[in-house]
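Engineer: Positions 0 to 304 (numbering that gives the first Met the number 0) are the ones given, in order, by the sequence shown. What follows is a single structure, and I will ask about it in a moment.
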Amino acid sequence: MFDSAPASEPAPMETAHPQPRALQQSPEFARALMACGQDPVTLDGTLVLQRRLPGGLRLMMVNRADLSDPAPLITALRSSGLHRSPLILSPETPAPQLALCGAVPLTTPAHAALWDLSQDAGQRRAALHQKWRNRLKHGEAQPLRLTRQNLPHDVRHWLFQADAKQQTLRGYRSWPIGLTLAYGRENKGQAKLFQAFEGKEPVAATLILTHGSTATYHIAHTTARGKQLSAHPLLLWEAANWLASKGVSRLDLGLINTEDAPGLARFKLGTGAKLHRLGGTWGLWQPLGRLLRPLSWLDRRLMNS
0 MFDSAPASEP APMETAHPQP RALQQSPEFA RALMACGQDP VTLDGTLVLQ
50 RRLPGGLRLM MVNRADLSDP APLITALRSS GLHRSPLILS PETPAPQLAL
100 CGAVPLTTPA HAALWDLSQD AGQRRAALHQ KWRNRLKHGE AQPLRLTRQN
150 LPHDVRHWLF QADAKQQTLR GYRSWPIGLT LAYGRENKGQ AKLFQAFEGK
200 EPVAATLILT HGSTATYHIA HTTARGKQLS AHPLLLWEAA NWLASKGVSR
250 LDLGLINTED APGLARFKLG TGAKLHRLGG TWGLWQPLGR LLRPLSWLDR
300 RLMNS
């Protein structure tokens, strides 16, 4: 379906995939952060972000990490002398064991949509919801030209401009453009831009970041004309097929918000993606751990409900 491709493509990945990791725990993400002047550290295989607050206080953050057993990370923080800094933890899966360490729940768990790409295209198509499949068929019947390329290093690219307007209208914030560009620059061939054109006019675009055997749906936009042509489902479908051909076994479609963005939630789940329950957000400040432990036990029900 794609009429252009870069001269060199990454080689297909090995069939024996390592355990999929979220983008926020990947070495590719760490490289992008460091290129932007940040100083993340890796402790016991967990990527830990650092931020300086006013007054010089350092805040530590761990996002989408496997914390089913948080003890090794807590030990590593102590060994590295970082245990005295406040720590924000957002586990990949529910981690009630954090209460044993004195962590306090801050927000209840959200859900992400994870699309299994390990099956063949026929099985994936059969798993599409009927309305999604109908939109895909409609898109396939349109005179659309699809392209695939590495992300151009262009802060003025139309997708960035459209996404910035969309963020303002919908009241949310995504990555800074500089961080997205750094990801593509520091991880050659792992920031793939898929676009749909009607003639010479772009009507839809999707930027997907690959990391190991996993990929993440990062930015997408469809124009009013693109919606009429069902360009978005067609583009995402063909992108998923291409990712699968390169050995990517899972596409993370991001968080599901049925209250503020029900249409987007239906679109993501219409692919056949499964809801994945995250672990909520916890706060831990080890010097106060014993004092906060009763409160953490009191709030555990919120994280497990």
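We treat Cβ as the ideally placed atom computed from N, Cα and C, and that holds for glycine.
Going by other Cβ atoms of all chains shown within 10 Å of its Cβ, with 16 needed for buried, is methionine 33 buried or exposed?
Structural biologist: Residue mapping note: residue 33 aligns to position 34 of the sequence shown, counting from 1. That one is exposed.
Engineer: Indicate whether the contact test is met: 3 or more Cβ pairs, each with one atom in the segment 239-247 and one in the segment 178-185, closer than 8 Å.
Structural biologist: no
Engineer: Do arginine 83 and glutamine 285 have their CB atoms nearer than 8 Å?
Structural biologist: For the purposes of this step, residue 83 is taken as the residue at position 84 of the sequence shown. For the purposes of this step, residue 285 is taken as the residue at position 286 of the sequence shown. For the pair arginine 83 and glutamine 285, the CB atoms are nearer than the 8 Å cut-off.
Engineer: Counting only the same chain and skipping the five closest in sequence on each side, list residues whose C-beta sits under 8 Å from that of arginine 249.
Structural biologist: Stepping through the sequence shown from its first residue, residue 249 is reached at position 250. Once the five neighbours on either side are set aside, the close Cβ partners of arginine 249 are Pro19, Leu113, Trp114, Asp115, Leu116, Ser117, Ser212, Thr213, Ala214.
Engineer: Note down, in chain order, each residue of its chain lying with its Cβ closer than 8 Å to the Cβ of serine 3, except the 5 sequence neighbours on either side.
Structural biologist: The count along the sequence shown starts at 1 and reaches residue 3 at position 4. Low per-residue confidence applies at serine 3: pLDDT is 47, beneath 50, and the placement is therefore not dependable enough to give any value.
Engineer: In the DSSP output, what is tyrosine 216 paired with across the bridge?
Structural biologist: Here residue 216 is taken as the residue at index 217 of the sequence shown, counted from 1. For tyrosine 216, which the question treats as bridged, DSSP gives the partners Ile207.
Engineer: Does the pairing of the segment 91-99 with the segment 257-264 give three or more beta-carbon distances under 8 Å?
Structural biologist: no
Engineer: Determine the burial state of proline 11: buried for a count of at least 16 other Cβ atoms within 10 Å of its Cβ, exposed for fewer.
Structural biologist: On the sequence shown, residue 11 is found 12 positions in, with the first residue counted as 1. At proline 11 the pLDDT is 42, less than 50, meaning the model places this residue with poor confidence; the figure from the coordinates comes in the next sentence. Burial call: exposed.
Engineer: Between Asp43, Arg57, Leu42, which has its C-alpha nearest glutamine 49's C-alpha?
Structural biologist: Working through the sequence shown from its first residue, we reach residue 49 at position 50. Nearest C-alpha to glutamine 49: Arg57.
Engineer: Span of the beta strand (DSSP E) holding serine 84?
Structural biologist: Taking the first residue of the sequence shown as 1, we reach residue 84 at position 85. Where serine 84 is concerned, there is no enclosing beta strand (DSSP E), given that its DSSP letter is neither H nor E.
Engineer: For leucine 297, which residues in the same chain have their Cβ closer than 7 Å to its Cβ, ignoring the five residues on either side in sequence?
Structural biologist: By 1-based counting over the sequence shown, the position of residue 297 is 298. Only weak support exists for where leucine 297 lies, its pLDDT of 48 falling under 50; the value from the coordinates is given anyway. Contacts found: none.
Engineer: In three-state terms, what does DSSP make of proline 19?
Structural biologist: Position 20 of the sequence shown, counted from the start, is the residue given in the question as residue 19. Residue state, collapsed to three classes: coil.
Engineer: Using a 10 Å radius around the Cβ and a threshold of 16 neighbouring Cβ atoms, would you call histidine 220 buried or exposed?
Structural biologist: Here residue 220 refers to the residue found at position 221 of the sequence shown. Under this definition histidine 220 is a buried residue.
Engineer: Who are the near neighbours of isoleucine 176 in its chain, counting only those whose CB is closer than 7 Å to its CB and skipping five residues on each side?
Structural biologist: In the sequence shown, counting from the first residue as 1, residue 176 sits at position 177. Hits under 7 Å: Val154, Phe159.
Engineer: Restricting to Cα atoms, I'd like to know which of Asn62, Glu200, Ala140, Gln189 is closest to glutamine 24.
Structural biologist: Sequence index remark: in the sequence shown, residue 24 carries index 25 (1-based). The residue with the shortest Cα to Cα distance from glutamine 24 is Asn62.
Engineer: If you reduce the DSSP assignment to three classes, tell me which class leucine 127 lands in.
Structural biologist: Within the sequence shown, residue 127 is the residue found at index 128, counting from 1. In the structure shown, the three-state DSSP call for leucine 127 is coil.
Engineer: Going by DSSP, name the residue or residues bridged to glutamine 122.
Structural biologist: Position 123 of the sequence shown, counted from the start, is the residue given in the question as residue 122. DSSP output for glutamine 122 lists no bridge partner at all.
Engineer: Measure the beta-carbon distance from leucine 72 to glycine 278 and round it to whole angstroms, keeping in mind my assumption that it falls under 8 Å.
Structural biologist: To locate residue 72, count along the sequence shown from 1; it is residue 73. To locate residue 278, count along the sequence shown from 1; it is residue 279. The Cβ separation is near 13 Å, so there is no contact.
Engineer: State yes or no: is the C-beta of leucine 276 within less than 8 Å of the C-beta of proline 26?
Structural biologist: As a working note, residue 276 is residue 277 in the sequence shown. As a working note, residue 26 is residue 27 in the sequence shown. Note on residue identity: the sequence assigns arginine, not leucine, to residue 276. Not in contact: arginine 276 and proline 26 (Cβ atoms no closer than 8 Å).
Engineer: Name the two residues that bound the continuous alpha helix (DSSP H) containing asparagine 186.
Structural biologist: Here residue 186 is taken as the residue at index 187 of the sequence shown, counted from 1. Counting along the chain, asparagine 186 sits inside no alpha helix (DSSP H), nor does DSSP assign it H or E at all.
Engineer: When you compare only the Cα positions, how much space is there between arginine 224 and alanine 230?
Structural biologist: Taking the first residue of the sequence shown as position 1, residue 224 is located at position 225. Taking the first residue of the sequence shown as position 1, residue 230 is located at position 231. Each residue's Cα considered, the two are about 9 Å apart.
Engineer: Can you tell me which of the three DSSP states lysine 273 falls into?
Structural biologist: For this step, residue 273 is matched to residue 274 along the sequence shown. Of the three classes helix, strand and coil, the one that applies to lysine 273 here is strand, per DSSP.
Engineer: Looking only at C-alpha atoms, which of Ser244, Ala125, Arg265, Thr74 sits nearest to glycine 44?
Structural biologist: Position 45 of the sequence shown holds residue 44. Comparing Cα positions, the closest option is Thr74.
Engineer: Could you please give the first and the last residue of the uninterrupted beta strand (DSSP E) stretch that includes alanine 223?
Structural biologist: As a working mapping, residue 223 is identified with position 224 in the sequence shown. Careful: alanine 223 lies outside any beta strand (DSSP E), inside the alpha helix (DSSP H) at 223-227.
Engineer: Throw me the rounded Cβ distance for the leucine 252 and alanine 195 pair, which I believe falls under 8 Å.
Structural biologist: On the sequence shown, position 253 is the one that residue 252 refers to. On the sequence shown, position 196 is the one that residue 195 refers to. About 18 Å separates the two Cβ atoms, so there is no contact after all.
Engineer: Spell out the partners DSSP gives methionine 59 in its beta bridges.
Structural biologist: On the sequence shown, position 60 is the one that residue 59 refers to. Answer is Gln49, Leu86, bridged to methionine 59.
Engineer: Could you give the distance in angstroms between the alpha-carbon of glycine 121 and the alpha-carbon of valine 247?
Structural biologist: Translated into the one-based positions of the sequence shown, residue 121 becomes position 122. Translated into the one-based positions of the sequence shown, residue 247 becomes position 248. Spanning the two alpha carbons is a distance of roughly 17 Å.
Engineer: From this set, Ala21, Pro85, Leu235, Leu143, which residue's C-alpha is nearest tryptophan 131's C-alpha?
Structural biologist: Locating residue 131 in the sequence shown gives position 132, where the first residue counts as 1. It is Leu235.
Engineer: Starting from proline 232, trace the alpha helix (DSSP H) in both directions and tell me its first and last residue.
Structural biologist: Looking up residue 232 in the sequence shown gives position 233. Segment 230-244, the alpha helix (DSSP H) holding proline 232.
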